[in-house]
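Student: Heads up: the sequence shown at position 74 corresponds to 74 in the UniProt record's numbering, and the numbers run straight through without jumps.
This is the structure I have questions about; it appears just below.
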Amino acid sequence: MGRALILALDQGTTSTRAILFDSEGAALAEAGRPLRQSYPHDGWVEHDADEIAAACVGVIREAVEKSGADLDEVVALGITNQRETLVVWDKATGRPIHPAIVWQDRRTAEACEALRKDGKEAEVTAATGLLLDPYFSATKIAWLLDNVRGARARAEAGELLAGTMDSWVIWKLTGGARHVTDATNASRTLLFDIQTQDWSQPMLDLFGVPRSLLPQVLDCAADFGEVGAQVLGRPLPIRGVAGDQQAALMGQGCIRPGEMKATYGTGCFMLINTGTTRPVSASRLLTTVAARVNGQTTYALEGSIFVAGAAIQWLGEGLGITGGPRSAEALARSAKADHGVVVVPAFTGLGAPWWDAKARGAIFGLTRDAGLPEIAAATYDACALQSRDLIEAMRADAPDAFLGEAQLRIDGGMSKSAWFSQRLADLTGLPVARASYQETTALGAALFAGLGAGVYDSLEAAAKARPAAEDLKPAMAVHVREAAYARWLDCVPRVRS
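Spelled out as structure tokens, the structure:
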């Protein structure tokens, strides 16, 4: 037998990509297509689900062709996807009844607020680990059933199906043979009981979602069916699925309690594996499924920073620092030491653990000798200090996960900066492991698929099959770090509503 190659399909918010990996986690070829978003009304965000399905077929073919690999060497497909984005389609024709509603969409905010005022959030959190927010899928399904003519009657008659992007893509790739999802994507719908690992009848009743719409929930490494022969010329087993942040958790090798990762893009998603213990968050962090393998569920706490890389964009767009992130970083590195400036980039409110949607950004500590370099440095530091906020919340919610030596594994655009990565270690006080290969989401999907296809004989073996990371140790004096964090904690309450 020749090489065992694994194809990963990464269906994201702005693009759809396929990457072919070998069994050592090295990327051999990649193909991608941009994804259009539409904004039909204020706060609404939609995708064309058929466009997504066509793009998936296209990038799968292109990646394999680019690689020049023998098709027989490609043993499995793994899928990762933008979580919470929702589509409802006709079971008979395979046609969506409406454009897909994207996770960013806010059209159901009033419905969520009504349920919250009715005292339902505690019940929702107890079952699902989530908060009442239009971000999640349940109110999207309810909106479609109530606003597309005849949809609710057709759903109750068993004529419609619903799913997140993984379910939709699998249904299309298998020619309608499989309506399935995995436990990580199911855990982001507000309809899945993360303790019993089944669709929750009380949640289905609360949101008015017929159970017949929903897919079968499988492990992350499982038999999800086969890509039809019309795509590549022969069937290709689909053996791994995980939502994007959980796939990145796997791609970073965070399979044990206490292992955590942060992805620094426009915002930041941070997850810590809490093992088989399901934590209850006092900080309004999300409790979610980290993975389900061989029937065993592991959990994670998840927190998000609304503005990370977007703050660096603001330096250019808002303050006129030209030349992109490299110029902004160079300016920040020229700032005076101990300048005392604090930027709180609450441009769209504050996420966990503050949860204040009406907070707005501000700059504090300006003196006569402070200028753009100090503001730029404080903007970068704000990303690190918000990260510490999340780490401290996670430490309070899941102290057992911090019994060993904690390390933060990072990826995403900002992590490409060695200077920022070191600053992150300095201001959080944690060692930082900077991924040498940035596409950890696709890699995680490939590792799950390799596990499901028998390329790896254990979860541990799969997690080891990834490129080495660069380790950075905190180098800042403790009293300097704590003074910086104290200034941050003094400033944040001043921007809150």
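Every residue gets a Cβ at the ideal spot worked out from N, C-alpha and C, and that includes glycine.
What span of residues does the alpha helix (DSSP H) with Glu-392 cover, start to end?
Tutor: 372 to 397
Student: List the endpoints of the continuous alpha helix (DSSP H) containing Cys-56.
Tutor: 49 to 67
Student: Using C-beta distances below 6 Å, list every residue in its chain close to Trp-355, excluding the 5 sequence neighbours before and after it, in chain order.
Tutor: Arg-284, listed in sequence order.
Student: Compute the distance between the beta-carbons of Asp-198 and Asn-185, then report whether it is under 7 Å.
Tutor: no
Student: I'd like the list of long-range same chain contacts for Gly-175, defined as Cβ closer than 6 Å, with 5 residues on each side in sequence excluded.
Tutor: Gly-228
Student: Under three-state DSSP, which class holds Asn-185?
Tutor: helix
Student: Look up Thr-85 in the DSSP assignment and say whether it is helix, strand or coil.
Tutor: Three-state result, Thr-85: coil.
Student: I'd like the ranges of any beta strand (DSSP E) spanning at least 3 consecutive residues and lying wholly in the stretch 67 to 143.
Tutor: Counting only runs of 3 or more, we get 74 to 81, 86 to 90.
Student: Provide the residue span of the beta strand (DSSP E) that contains Met-165, from first to last.
Tutor: Per DSSP, Met-165 belongs to no beta strand (DSSP E); it is in the alpha helix (DSSP H), 165 to 173.
Student: Does any C-beta atom of chain C lie closer than 7 Å to the C-beta of Gly-452?
Tutor: You won't find chain C in this structure, because it holds only one protein chain.
Student: Keeping to the same chain, check which residues put their C-beta closer than 6 Å to that of Trp-171; ignore five residues upstream and five downstream.
Tutor: His-179
Student: Can you tell me the Cβ-Cβ gap for Asn-273 and Ala-290, rounded? I've got them flagged as a contact below 8 Å.
Tutor: 5 Å
Student: What are the boundary residues of the beta strand (DSSP E) that Pro-34 is part of?
Tutor: 27 to 34
Student: What is the residue span of the beta strand (DSSP E) that Pro-237 lies within?
Tutor: 236 to 243
Student: Can you find at least 3 beta carbon pairs, one from the stretch 361 to 369 and one from the stretch 211 to 218, that sit closer than 8 Å?
Tutor: With a cut-off of 8 Å on Cβ pairs, the stretch 361 to 369 is not in contact with the stretch 211 to 218, counting fewer than three such pairs.
Student: How about Arg-17 and Val-59: do their beta carbons lie closer than 7 Å?
Tutor: The answer is yes: Cβ separation under 7 Å.
Student: Which residues in the same chain have their Cβ closer than 6 Å to the Cβ of Ala-453, if we skip the five residues on either side of it in sequence?
Tutor: Val-75, Ala-76, Arg-239
Student: Decide if the stretch 404 to 411 is in contact with the stretch 258 to 277; the criterion is three or more beta carbon pairs, one per stretch, under 8 Å apart.
Tutor: yes
Student: Round the Cβ separation of Asp-50 and Arg-36 to the nearest angstrom and send it over; I've been treating them as touching at under 8 Å.
Tutor: That pair is no contact at about 12 Å.
Student: List the DSSP bridge partners of Met-260.
Tutor: Ile-272, Leu-408
Student: Considering Glu-470, what are the terminal residues of the alpha helix (DSSP H) in which it resides?
Tutor: Segment 469 to 472 is the beta strand (DSSP E) holding Glu-470; no alpha helix (DSSP H) there.
Student: Is the separation between the beta-carbon of Gly-444 and that of Thr-287 shorter than 7 Å?
Tutor: The answer is no: Cβ separation not under 7 Å.
Student: Skipping 5 residues on each side, what residues in its chain have a beta carbon closer than 8 Å to that of Gln-296?
Tutor: Taking C-beta separations shorter than 8 Å and ignoring five residues to either side along the sequence, the partners of Gln-296 in its chain run Thr-276, following chain order.
Student: Mapping the DSSP letters down to three states, classify Phe-402 as helix, strand or coil.
Tutor: helix
Student: For Gln-82, is the classification buried or exposed, using 16 other Cβ atoms within 10 angstroms of its Cβ as the cut-off for buried?
Tutor: Label assigned to Gln-82: buried.
Student: Using 10 angstroms around the beta-carbon of Gly-419, count the other beta-carbons present and answer buried if the total reaches 16, otherwise exposed.
Tutor: Before going further, note that residue 419 is Trp rather than Gly in the sequence given. Counting Cβ neighbours within 10 Å, Trp-419 comes out exposed, since fewer than 16 surround it.
Student: Hey, quick one: how far does the alpha helix (DSSP H) through Glu-302 stretch, first residue to last?
Tutor: Run containing Glu-302: none in the alpha helix (DSSP H); it sits in the beta strand (DSSP E), 296 to 305.
Student: Below 8 Å on the Cβ atoms is my contact criterion, and I expect Phe-269 with Gln-245 to pass it. Report the Cβ-Cβ distance as a whole number of Å.
Tutor: 5 Å
Student: Near Ala-53, which residues of its chain fall below 6 Å by C-beta distance, leaving aside the five closest residues on each side in sequence?
Tutor: Lys-172
Student: In chain order, what residues of the same chain lie with their CB nearer than 7 Å to the CB of Leu-331, ignoring the 5 residues before and after it?
Tutor: Same-chain partners within the cutoff: Ile-321, Leu-372, Pro-373, Ala-376.
Student: Measure the C-alpha to C-alpha separation of Gln-386 and Ala-308 and round it to an integer number of angstroms.
Tutor: Roughly 9 Å separates the two Cα atoms.
Student: Nearest to Arg-368 by CA position, among Ile-391, Val-341, Ala-433, Ala-352, is which residue?
Tutor: Val-341
Student: Ends of the beta strand (DSSP E) at Leu-20?
Tutor: 15 to 21
Student: Could you check how far apart the C-beta atoms of Leu-301 and Pro-279 are, in whole angstroms? I think they sit under 8 Å.
Tutor: 6 Å
Student: Quickly, what does DSSP pair Ser-38 with across the bridge? List them, please.
Tutor: Glu-46
Student: Spatial neighbours of Gly-351 within its chain, please: CB distance less than 6 Å, with the 5 preceding and 5 following residues excluded, ordered by chain position.
Tutor: Ser-304, Ile-305, Phe-306
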